[in-house]
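Colleague: Have a look at this one.
There are 2 protein chains.
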Amino acid sequence: MSKDKPVENETGAIGTNFMHGLAIDAVIFGFHDHQLKVLLMRYNKTGVVALPGGFIHKIENLNDAANRIVSERTGLQDIYLEQFYVFGDYGRSDPQPMKDILTANGIEHDDDHWLLQRFISIGYYALVDFTKVVPKPDTIFDSCAWYDLTGVPQLMQDHNSIIQKALESLRNDLDNKLIAFNLMQEEFTLGDLQILYETILDKKLLRPAFQRKILGLGILERVAKKWTGGAHKAPYLYRFSKPFL
Amino acid sequence: MSKDKPVENETGAIGTNFMHGLAIDAVIFGFHDHQLKVLLMRYNKTGVVALPGGFIHKIENLNDAANRIVSERTGLQDIYLEQFYVFGDYGRSDPQPMKDILTANGIEHDDDHWLLQRFISIGYYALVDFTKVVPKPDTIFDSCAWYDLTGVPQLMQDHNSIIQKALESLRNDLDNKLIAFNLMQEEFTLGDLQILYETILDKKLLRPAFQRKILGLGILERVAKKWTGGAHKAPYLYRFSKPFL
DNA sequence: TATTATTGTAACATTATGTTACAATAAGGC
DNA sequence: GCCTTATTGTAACATAATGTTACAATAATA
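In order, the protein sequences belong to chains A and B. Numbering-wise (my numbering), the first sequence opens with residue 1 and increments by one. Numbering-wise (my numbering), the second sequence opens with residue 1 and increments by one.
Quick look at the structure:
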């Protein structure tokens, strides 16, 4: 089919064997301590904060690239990913932050280096189990950490609006696609799940209706033991039933 | 911002001032005679049929490009467009049909011409008033015509699955986004509208429930005159009320 | 003028969702 | 140990949305 051979994983340097003008930006959602979190990259020298992202190898499927990119930042496999929008306005990229970073990394570049040209960004959102993630910086950004969704700082380029759009998509998908559990640990109480829903949708839900609806889906199974620790009746623990996963 | 000047509309030839590796494919839906239709391009010499598509100027917004592309094929302005998915598998493009077309158009090319390389395609669907469209071929395909959705032939590359995905998106959006009227003429009966819904969703709906729901949305207004022509009670004509449009 | 097909809408049935209420109970304080 | 507290599981009822049946109204045709 092609004369090219598969490219090795280019973790040590900014490779050149990528499609130009195209990038993937990932909004990686986690949930912890009653808060939605996003994983963000920071270039400490200039303080630039950005979404984790990456490029597409010339012989790599788009979804595979998204998987690889999120995998590299989280250390996880089999990640729930949803492609939600393409950000393609001319002028959305300010080349200056990238220029600074290239300079700081000692990478030779003139003004028409492909990394400084216009990019069209394909937005993916990922839902991960916060407790399982081991954030890893990349070659460009020297830190990688969780931020409360409500406390996201000013980001590079249009990344703030990418997060906004990802959140909207997540809200829409929540009822249709039954994906919230990707943000939970294996076992949880209905109360936990309700708090997650309330946090994502940013509104209070009535407990009886929520429980009836969720249990009515028939995708949860009770675990033998109950949760204990609170000064009140112990709630059941649930997990998602095997045939559903 | 940039030294480049805006590019003239390149209708006479396949220009070079486009982003490489990126394309837009448009699924243009119409509705006529109780059938959903899609506008398709055909290269008569080899019989290749494909979705209308195009490229993105280096200084053009993505949505503007989609608008331009659909505008050029339909002759319409202010088109309802929805970006629905990006098709980015490696190996989705078979370069041969394009090679034949370039040759037939007398365009010099070797095997690594950018038009023969891998493309990532951004899928848009458009909803248009069938009766208003004047299909126009482009420089590559010498015919442009409506096809019944149920009678779409084998298309170039993965265009059949692009149509499939567009249809799924349209079905999902139908209830949420209230967009069906983009496929109707200005005035129509509730019966017409119901047939459209039934055709899109591919299932029968019960008339009283459908009418109650649609009228309950409060976005229709009755037109003074009624429709006549059938040997039965004349139905009211409706149009979408101004404040809604 | 009767027939036919289809419309507009009422009425009722069923299901889904919103809301109130209350007994059950794990942990902590006394 | 026993009472208090907070929260759970679930029943019961209220309201809203949707599914279904029924029927009078009427434009064209014979």
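Note that CB positions come from ideal geometry on N, CA and C, so glycine has one too.
Starting from Glu198 of chain A, trace the alpha helix (DSSP H) both ways and give me its first and last residue.
Modeller: That run of the alpha helix (DSSP H) goes Leu190 to Leu201.
Colleague: Which same chain residues, not among the five before or five after Thr46 of chain B, have their C-beta less than 6 Å away from its C-beta?
Modeller: These residues qualify, in order along the chain: Asp100.
Colleague: So which residues on chain A does Gln154 of chain B lean against when the C-beta distance must stay under 9 Å?
Modeller: Going along chain A, no residue has its Cβ under 9 Å from Gln154 of chain B, so there is no contact; the nearest lies around 21 Å.
Colleague: Leaving aside the five residues before and after Gln83 of chain A along the sequence, list all residues of the same chain whose C-beta is less than 6 Å from its C-beta, in chain order.
Modeller: Within the same chain, Gln83 of chain A has close Cβ partners Tyr124.
Colleague: Within its chain, find whatever has a CB closer than 6 Å to the CB of Asp25 of chain A; leave out the 5 residues flanking it on each side and keep chain order.
Modeller: Correct list, in chain order: Leu51, Gly53, Ser121, Gly123 and Ile162.
Colleague: Determine the direct distance from the alpha carbon of Leu174 of chain A to that of Tyr80 of chain A, and round the result to whole angstroms.
Modeller: Approximately 13 Å between the Cα atoms of the pair.
Colleague: Decide if Thr74 of chain B is buried, meaning its Cβ has at least 16 other Cβ atoms within 10 Å, or exposed.
Modeller: So Thr74 of chain B ends up on the buried side.
Colleague: Which residues in chain A sit within 8 Å of Gln83 of chain B, going by Cβ to Cβ distance?
Modeller: Chain A residues near Gln83 of chain B: Tyr85 and Val86.
Colleague: Arg171 of chain A: buried (16+ other C-beta within 10 angstroms of its C-beta) or exposed?
Modeller: Result: exposed.
Colleague: Would you kindly report the start and end of the unbroken alpha helix (DSSP H) that includes Arg239 of chain A?
Modeller: Unbroken run through Arg239 of chain A is the beta strand (DSSP E), Tyr236 to Phe240; no alpha helix (DSSP H).
Colleague: At a cut of 8 Å, does the region 178-187 of chain B reach the region 124-140 of chain B through at least three beta carbon pairs?
Modeller: The answer is yes - the region 124-140 of chain B touches the region 178-187 of chain B, with three or more Cβ pairs under 8 Å.
Colleague: Any heavy atom of the ligand COA within a distance shorter than 7 Å of the CB on Asn61 of chain A?
Modeller: Only the bare structure without any ligand can be found here, which leaves the ligand COA out of the picture.
Colleague: Could you pull the start and end residues of the alpha helix (DSSP H) that Leu167 of chain B belongs to?
Modeller: Unbroken alpha helix (DSSP H) run through Leu167 of chain B: His159 to Lys177.
Colleague: Just curious, the beta strand (DSSP E) that Ala23 of chain A is in, first and last residue?
Modeller: Segment Leu22 to His32, the beta strand (DSSP E) holding Ala23 of chain A.
Colleague: Report yes or no: do the region 25-36 of chain A and the region 148-163 of chain A share at least 3 C-beta pairs separated by less than 8 Å?
Modeller: The answer is yes - the region 148-163 of chain A touches the region 25-36 of chain A, with three or more Cβ pairs under 8 Å.
Colleague: Could you check whether the Cβ of Leu62 of chain B sits closer than 8 Å to any Cβ belonging to chain A?
Modeller: Cβ-Cβ to chain A under 8 Å: yes for Leu62 of chain B.
Colleague: Out of B:Ala166, B:His159 and B:Phe240, state which residue places its alpha-carbon closest to the alpha-carbon of Glu89 of chain B.
Modeller: Strictly speaking, residue 89 of chain B in this sequence is Asp, with Glu absent from that position. Closest option to Asp89 of chain B, Cα to Cα, is B:His159.
Colleague: What did DSSP end up calling Lys226 of chain A once you bin it into helix, strand or coil?
Modeller: The answer is strand: DSSP assigns Lys226 of chain A an E or B state.
Colleague: Per the DSSP calculation, Gln35 of chain B is bridged to which residue(s)?
Modeller: Paired residues: B:His32.
Colleague: Run through the region 109-149 of chain B for me and flag every whole beta strand (DSSP E) of 3 or more residues, listed as ranges in chain order.
Modeller: You should have 120-127 and 143-148.
Colleague: I want to verify the contact list: residues of chain A whose CB lies under 7 Å from the CB of Tyr90 of chain B, in sequence order.
Modeller: Here the neighbours are Ile59, Glu60 and Asn61.
Colleague: Return no unless some Cβ of chain A is closer than 8 Å to the Cβ of Leu116 of chain B.
Modeller: So no, Leu116 of chain B is outside the interface.
Colleague: Report the rounded CA-to-CA distance for Arg118 of chain A versus Asp192 of chain B, giving the unit in angstroms.
Modeller: Going by the C-alpha atoms only, they are around 46 Å apart.
Colleague: I need the boundaries of the alpha helix (DSSP H) containing Leu104 of chain A, first residue and last residue.
Modeller: Before going on, a small fix: residue 104 of chain A reads as Ala here, not Leu. Pro95 to Ala104 is the span of the alpha helix (DSSP H), which, as asked, contains Ala104 of chain A.
Colleague: Are the beta-carbon atoms belonging to Val86 of chain A and Ile28 of chain A less than 8 Å from one another?
Modeller: Not in contact: Val86 of chain A and Ile28 of chain A (Cβ atoms no closer than 8 Å).
Colleague: Using a 10 Å radius around the Cβ and a threshold of 16 neighbouring Cβ atoms, would you call Gln164 of chain A buried or exposed?
Modeller: Answer is exposed; the Cβ neighbour count stays below 16.
Colleague: Can you list, in chain order, the residues of its chain whose CB lies under 7 Å from that of Ala194 of chain A, leaving out five sequence neighbours each side?
Modeller: The question names Ala, but residue 194 of chain A is Gln in the sequence shown. For Gln194 of chain A, where only same-chain residues beyond five positions count, the Cβ hits under 7 Å are Leu205, Arg207 and Phe210.
Colleague: Gln157 of chain A and Arg222 of chain A - do their beta-carbons sit closer together than 8 Å?
Modeller: It is not a contact, given that the beta carbons lie outside the stated cut-off.
Colleague: Please identify the residue among B:Leu116, B:Leu178 and B:Leu237 whose C-alpha is closest to the C-alpha of Leu217 of chain B.
Modeller: If we check each option's Cα against that of Leu217 of chain B, B:Leu178 comes out closest.
Colleague: Please report how far the alpha carbon of Pro135 of chain A lies from the alpha carbon of Leu190 of chain B, in whole angstroms.
Modeller: Approximately 55 Å, taken between the alpha carbons.
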